[in-house]
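Here the structure is laid out as structure tokens; the discussion comes afterwards.
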Amino acid sequence: MKLAISFLSGLIFSGGLIVSGMINPAKVIGFLDLFGQWDASLAFVMGGAVLVTSIGYNLILEKPKPLLSESFSIPQRTDIDSALVAGPVLFGVGWGLVGLCPGPAFAALIASPLATIPFFLAMLLGMWLGRNKFVFPLSRTHASS
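For the sequence shown, position 1 (counting from the first letter as 1) is numbered 135 according to my numbering, and the numbering increases by one without interruption.
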């Protein structure tokens with residue numbers, strides 16, 4: 135049941151990315167082009183996502199436990215280390231250069247595989263390098279896990 139709900143959630147998320155045009159790298163790059171022909175559509179997509187998420191979190195956290203788990207998994211750490219800063223910076227640079235991030239990359243892999251495969255492979259390599267401590271070997275985040 136848990137796997138089916140996860141799969142359905144992924145399909146809904148992918149559908150939203152496709153409908154909103156966010157699997158098109160030109161949309162993202164157009165949003166980041168503040169001094170050219172700026173495309174504000176990504177701001178509306180992000181605003182809608184923040185609104186839905188904030189409402190959802192408030193409703194869900196009122197429950198004693200999640201529907202398909204024994205307890206909520208809420209991060210307890212509040213410190214800021216090099217991995218916490220460098221990770222989003224690398225993510226943002228990659229997103230700005232290519233116009234894709236992991237969620238849209240999965241959806242774009244289906245819609246236009248030949249254009250997406252190089253990014254997708256590089257993304258998987260980056261995830262593997264990060265998980266195997268090649269990127270931030272001295273980070274407290276990875277050292278404690």
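We put the beta carbon where it would ideally sit given N, CA and C, even for glycine.
None of the values given here were measured: they were computed from a predicted structure.
Backbone CA spacing between Asp215 and Trp262 [nearest angstrom]:
The alpha-carbon atoms of Asp215 and Trp262 are separated by roughly 20 Å.
Give the list of continuous alpha helix (DSSP H) stretches no shorter than 4 residues that lie fully inside the region 225-275.
236-245 and 247-265
I'd like to check one pair, Lys161 with Leu176: are the Cβ atoms closer than 8 Å?
yes
Please state whether DSSP places Val135 in a helix, a strand or coil.
It is worth fixing the name first, because residue 135 is Met in this sequence and not Val. Looking at Met135 - three-state DSSP - the assignment turns out to be coil, as it is neither helix nor strand.
How should Ala239 be labelled, buried or exposed, when 16 other C-beta atoms within 10 angstroms of its C-beta is the threshold for buried?
buried
Pull up the distance between the alpha-carbon of Ile251 and that of Leu243, whole angstroms please.
7 Å
The alpha helix (DSSP H) enclosing Gly170, as first and last residue numbers
Note, Gly170: premise wrong, no alpha helix (DSSP H); not H, not E.
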